[in-house]
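Asks:
Number of protein chains: 2
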Amino acid sequence: MTPGVEELLLELFAIFVAAKVLAEVFERLSLPGVLGEILAGVGLGPYALNWNRPTDTIHSVAEIGAIFVLFSTGLETSPRDLVRVGRKSLLVAVAGVMVPFLLGFAYMRLRGDLTHEAVFVGAAMVATSVGITARVLADLHVLSTHTAQIILGAAVFDDILGMVLLAIVAGFASRRGPEWLHLGILSAEAAAFALFMIFAAPRIVRRIHPRMEHLSNQNASLVVALAICLLLSWLAAKIGIAAIIGAFFAGLMFADYAPQWNLLSRVNGITEFLAPYFFFTIGSRLNLQLFGANLLITAGIVSLLAIVSKVIGCGLPLIRDGWPAVLQVGVGMTPRGEVALIVALVGLQSQMVTQSTYAIVIFMTAVTTLLAPPLVRFLFRNEIREHEETTMVAAVQL
Amino acid sequence: MTPGVEELLLELFAIFVAAKVLAEVFERLSLPGVLGEILAGVGLGPYALNWNRPTDTIHSVAEIGAIFVLFSTGLETSPRDLVRVGRKSLLVAVAGVMVPFLLGFAYMRLRGDLTHEAVFVGAAMVATSVGITARVLADLHVLSTHTAQIILGAAVFDDILGMVLLAIVAGFASRRGPEWLHLGILSAEAAAFALFMIFAAPRIVRRIHPRMEHLSNQNASLVVALAICLLLSWLAAKIGIAAIIGAFFAGLMFADYAPQWNLLSRVNGITEFLAPYFFFTIGSRLNLQLFGANLLITAGIVSLLAIVSKVIGCGLPLIRDGWPAVLQVGVGMTPRGEVALIVALVGLQSQMVTQSTYAIVIFMTAVTTLLAPPLVRFLFRNEIREHEETTMVAAVQL
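Here it is, written out as structure tokens:
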């Protein structure tokens, strides 16, 4: 082995264990594990204890990790579900994307920030990370309720809209300033890419499906999926939108065949190994010393807006279903996650946003993710009681 | 994303696809796919077409890939099987390790090579890659025959003995010359490590097993296994033996629980993604221009010795079972694979062997791997006929 292999292995081991131990601590406290992984990066990173300054290789591993996080997300997002959940979810998702973006953008502009900083903060406030809400709802056994179904359906559209918006913002970033012609071309490119991937790509997979069985390699389906994931990630980066968007759409493309081809567990194995490096480096870029009173106030207001805007955007289309439904769906759509973090990272790496704006987005992600689970539990208290009573009745009858 | 991400993704994609396409071509020709992956590296690498000179990041990814190749091998090698297959397999394995090592070493010394070059060639000739034979035997439906069982049993011991020998040789390499005291310490270290991992480590896993269920993370078993794999790989590198040996023993440690914890498919997902980079870089280091008449003759003789020595070492202990058994087991144990390639790579990277010696080992690996499948098919022709007759009788009775 090369002389560097010992250092590489030690770094891989230390980061993996630090991230996973804190994730376990967080999950035992009923908090999302991913925040623990980020906190490990904050704590051990160059701005705090400075035990670990990720090397170039770790940053490359982290970028491959981000691609697999989004590839896994795509694999678990079936385009078929979009058709099933219907118009109500779509309405929730569209309003739930527009309101946070506009509120976030407006507040940052009013504060006196530059347009592109405001665009990034707005974009980071868009995408719901439904994984956290879904796990809470599943734990509470209320996944089958009407509002839970709307949340899950809307989250699918929300992911895709968030991706398209990120594509536009990332293209925006790569031009260094608002050149409207370029931005127009990029938006068209991103939209065309998204439409092609949602409507045409699954058909291509359906066409190649019978031929897959002729391939000699036992892992042919995984190999083809991985190759297409790498190809689309590169292609997305090449045409000027973020690589992870390609990975997400690659996942979407194979989503319908993922169970049949046994893709999920094998791709999740890769994600489980590589994702901690991504979340750790997210944290290691966060400069805690920036958090003075001024930044804390701004971050607090952005976090509040992130919650209020989802309740307005996602909840109000359901006003006819009554206030409980409005609040359940609105709060259920609150947690932001990987996509917000990636928007912030794209901004920081392309030097379009300052360290302070990056810190605001990380703060907002943490707040929304931490607050959602207890709030969701509270808002669904009636449904939980009903479920418990049904279970008790069933137990008595037995 | 950083500016380099586009190049990184393109390189990841190009190498993955080149390796996998050639693997598919090889498998369609009933040849081992791994040779196709190596050939992709030879062809596209700096010594031939020069389309791709792997970057540092790819070399790091390749090293992580090598670790997962051996981790997977370990996971599929159950220590419990060792107890079952008994003394005959152990005898076959020990003689099958000693004879190739001594013949390889003696020939290289007679040729006038330096001691350490001869040690490396001898060590590379030791470890059988049973995967190829196992697949051929399974395809022929003769896995349940007596000799097939001996081959599979012996291959387990053979892997472990090969690893211990590699540990000693790798330590030898890191000292730059035969310092016998150091070599003695290293051999003791390697042997202690191996014994601990085979006998004590699985008990530790059995003890922690009940506690695993208390962990909140859904993927707790995979996370713990990955952490221990990285830890032992680093530890092995740290005490001066190759990192992959730690990975192999980490796999061995979890082998008994691999099915129950659903480790195999998830770890194989990681291996499937990363291994092609390892085999590609193996190939990309091979300088084809070195293959003059002189080198070809040496490489041919070494390949012949690699076959003859396994037939003698593995076959002769079975002389009482008759010549067909001798030849079946001897030839079945012939193919060399990953371990031989890694021995060669360790030698090349530590500058203990020349480019020519590296080329000889790659050549020997290719020849033994290519010749074994047709020879095994020929030697098991009677068993195949019996199987076909049984199947026909069964079909007629139905």
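Protein sequence lines, in the order shown, are assigned to chains A and B.
Going by my numbering, the letters in the first sequence line up with residues 30 to 427, in that order.
Going by my numbering, the letters in the second sequence line up with residues 30 to 427, in that order.
By construction, the Cβ of each residue, glycine as well, lies at the ideal position given by its N, Cα and C atoms.
1) Spell out a yes or no on whether the region 91–101 of chain B and the region 300–317 of chain B are touching, meaning 3 or more CB-CB pairs, one atom from each, closer than 8 Å.
2) Determine which residues of the region 358–387 of chain A have a Cβ less than 7 Å from any Cβ of chain B, and write them out in chain order.
3) Would you say residue 431/A reaches chain B, if we count a Cβ-Cβ gap shorter than 7 Å as a contact?
4) Hey, would you say the C-beta of residue 97/B is under 6 Å away from at least one heavy atom of the ligand SAH?
5) For a test of the three-state rule: what should DSSP assign to residue 138/A, helix, strand or coil?
6) Return the residue from the list 355/B, 390/B and 336/B that minimises the CA-CA distance to residue 344/B.
7) Listing by chain order, which chain A residues have their CB less than 7 Å from the CB of residue 423/B?
8) Please report the distance separating the alpha-carbon of residue 117/B from that of residue 177/B.
9) Comparing alpha-carbon positions, which option in 40/A, 41/A, 95/A and 292/A lies nearest residue 374/A?
10) Name, in chain order, the residues that DSSP records as bridge partners for residue 406/B.
11) My output table needs one value for residue 176/B: the three-state DSSP class, helix, strand or coil.
12) Could you list which residues in chain A have their beta carbon closer than 8 Å to that of residue 298/B, in chain order?
13) Could you check whether residue 382/A and residue 359/A sit closer than 7 Å to each other, using their CB atoms as the reference points?
14) Whole angstroms is fine: what's the gap from residue 275/B's alpha carbon to residue 261/B's?
15) By Cβ distance, which residues of its chain are closer than 8 Å to residue 389/A, with the 5 residues on each side in sequence left out?
16) Given that a residue counts as buried once 16 or more other Cβ atoms are within 10 Å of its Cβ, and exposed if not, what is residue 154/A?
17) Could you work out which residue in 267/A, 122/A, 421/A and 414/A is closest to residue 169/A when comparing CA atoms only?
18) Could you tell me the boundaries of the alpha helix (DSSP H) in which residue 258/A lies?
19) Kindly give me the distance between the Cβ atoms of residue 132/A and residue 281/A, rounded to whole angstroms, as I take these residues to be in contact under 8 Å.
20) Check the C-beta distance from residue 86/B over to residue 89/A and give it rounded, since I have them as a contact under 8 Å.
21) In the structure shown, what three-state DSSP assignment does residue 157/B receive?
22) Whose C-beta lies closer than 6 Å to the C-beta of residue 393/A among residues of the same chain, with five residues either side of it excluded?
23) Give me, in chain order, the residues of the same chain whose beta-carbon lies closer than 6 Å to that of residue 411/B; leave out the 5 immediate sequence neighbours on both sides.
24) Which residue's Cα is closest to the Cα of residue 236/B: 309/B, 180/B, 285/B and 402/B?
25) Report, in whole angstroms, the separation of the C-beta atoms of residue 128/A and residue 342/A, which I expect to be a contact under 8 Å.
26) Give the DSSP-derived three-state secondary structure of residue 57/A in the structure shown.
27) Answer yes or no: do residue 52/A and residue 40/A have a C-beta to C-beta separation smaller than 7 Å?
28) Can you check whether the C-beta of residue 158/A is within less than 7 Å of a C-beta belonging to chain B?
29) Going by the DSSP bridge assignment, what does residue 365/A pair with across the sheet?
30) To the nearest angstrom, how far is the alpha carbon of residue 124/B from that of residue 346/B?
31) Mapping the DSSP letters down to three states, classify residue 116/A as helix, strand or coil.
32) Tell me whether the beta-carbon of residue 292/B lies closer than 7 Å to the beta-carbon of residue 254/B.
33) What separation, rounded to the nearest whole angstrom, lies between the Cα atoms of residue 33/A and residue 72/B?
34) Relative to chain B, which residues along the region 32–58 of chain A have a C-beta separation below 7 Å, given in chain order?
35) Report yes or no: is there a C-beta of chain A within less than 7 Å of the C-beta of residue 86/B?
36) Do we get a CB-CB distance below 7 Å when we pair residue 399/A with the residues of chain B?
Replies: To lay it out plainly:
1) A contact exists between the region 91–101 of chain B and the region 300–317 of chain B.
2) 375 and 378
3) One cannot answer for residue 431/A here, as it falls past the ends of chain A, which runs 30 to 427.
4) Judged by which ligands are present, the structure shown has none, so any question about the ligand SAH falls away.
5) Translated into positions along the first sequence, residue 138/A becomes position 109. It is helical.
6) Reading the second sequence from its first residue, position 315 is the one you call residue 344/B. Among 355/B, 390/B and 336/B, the Cα nearest to that of residue 344/B is on 355/B.
7) Sequence index remark: in the second sequence, residue 423/B carries index 394 (1-based). Those do not exist, as residue 423/B stays about 26 Å from chain A at its closest Cβ, beyond 7 Å.
8) If you number the second sequence from 1, residue 117/B lands on position 88. If you number the second sequence from 1, residue 177/B lands on position 148. In a straight line, the C-alpha of residue 117/B is about 13 Å away from that of residue 177/B.
9) One-based indexing of the first sequence puts residue 374/A at position 345. For residue 374/A, the closest C-alpha among the options 40/A, 41/A, 95/A and 292/A is that of 95/A.
10) The residue given as residue 406/B occupies position 377 in the second sequence. Within the DSSP bridge table, the entry for residue 406/B names no partner.
11) Sequence index remark: in the second sequence, residue 176/B carries index 147 (1-based). Looking at residue 176/B - three-state DSSP - the assignment turns out to be helix.
12) Working through the second sequence from its first residue, we reach residue 298/B at position 269. Under the 8 Å cutoff, chain A gives 251, 294, 295, 296, 297, 298 and 299.
13) The sequence position of residue 359/A within the first sequence is 330, counting from 1. The sequence position of residue 382/A within the first sequence is 353, counting from 1. No, the Cβ-Cβ distance between residue 359/A and residue 382/A is not below 7 Å.
14) Numbered from 1 along the second sequence, position 246 holds the residue referred to as residue 275/B. Numbered from 1 along the second sequence, position 232 holds the residue referred to as residue 261/B. Their Cα atoms are separated by approximately 5 Å.
15) Looking up residue 389/A in the first sequence gives position 360. Here the set comprises 150, 324, 327, 328 and 331.
16) Stepping through the first sequence from its first residue, residue 154/A is reached at position 125. Residue 154/A comes out buried.
17) As a first step, residue 169/A is located in the first sequence; it is residue number 140 there, counting from the start. Nearest of 267/A, 122/A, 421/A and 414/A to residue 169/A, Cα basis: 414/A.
18) Position 229 of the first sequence, counting from 1, holds the residue named residue 258/A. Looking at the DSSP string, the run of the alpha helix (DSSP H) that includes residue 258/A is 249–267.
19) Looking up residue 132/A in the first sequence gives position 103. Looking up residue 281/A in the first sequence gives position 252. Residue 132/A to residue 281/A, Cβ: 28 Å. No contact.
20) In the second sequence, the residue the question calls residue 86/B occupies position 57. In the first sequence, the residue the question calls residue 89/A occupies position 60. A Cβ-Cβ separation of about 5 Å places residue 86/B in contact with residue 89/A under the 8 Å criterion.
21) Start at 1 with the first residue of the second sequence, and residue 157/B comes out as number 128. Looking at residue 157/B - three-state DSSP - the assignment turns out to be strand.
22) Within the first sequence, the letter at position 364 stands for residue 393/A. Cβ neighbours of residue 393/A beyond the five flanking positions: 331, 332 and 335.
23) In the second sequence, the residue the question calls residue 411/B occupies position 382. Excluding sequence neighbours, residue 411/B sits near nothing in its chain.
24) Along the second sequence, one-based indexing puts residue 236/B at 207. Answer by Cα proximity: 285/B.
25) As a first step, residue 128/A is located in the first sequence; it is residue number 99 there, counting from the start. As a first step, residue 342/A is located in the first sequence; it is residue number 313 there, counting from the start. 3 Å between Cβ atoms; contact.
26) Along the first sequence, read from residue 1 onward, the residue named residue 57/A stands at position 28. DSSP places residue 57/A in helix when its eight states are reduced to three.
27) Sequence index remark: in the first sequence, residue 52/A carries index 23 (1-based). Sequence index remark: in the first sequence, residue 40/A carries index 11 (1-based). Cβ distance not < 7 Å, so residue 52/A and residue 40/A don't count as in contact.
28) Along the first sequence, read from residue 1 onward, the residue named residue 158/A stands at position 129. No, no contact with chain B.
29) Residue numbering aside, residue 365/A sits at position 336 when the first sequence is read from its first letter. DSSP output for residue 365/A lists 157/A as bridge partner(s).
30) Numbered from its first residue, the second sequence carries residue 124/B at position 95. Numbered from its first residue, the second sequence carries residue 346/B at position 317. Straight-line Cα distance between these residues: approximately 8 Å.
31) The count along the first sequence starts at 1 and reaches residue 116/A at position 87. Residue 116/A carries a helical assignment under DSSP once its states are collapsed to helix, strand and coil.
32) The count along the second sequence starts at 1 and reaches residue 292/B at position 263. The count along the second sequence starts at 1 and reaches residue 254/B at position 225. In contact: residue 292/B and residue 254/B (Cβ atoms closer than 7 Å).
33) In the first sequence, the residue the question calls residue 33/A occupies position 4. In the second sequence, the residue the question calls residue 72/B occupies position 43. Distance from the CA of residue 33/A to the CA of residue 72/B, rounded to the nearest whole angstrom, comes to 27 Å.
34) 34, 35, 37, 38, 39, 41, 42, 45, 46, 49, 52, 53, 56 and 57
35) By 1-based counting over the second sequence, the position of residue 86/B is 57. Yes, its Cβ sits closer than 7 Å to a Cβ of chain A.
36) Sequence index remark: in the first sequence, residue 399/A carries index 370 (1-based). Residue 399/A has a beta carbon lying at 7 Å or more from every beta carbon in chain B.
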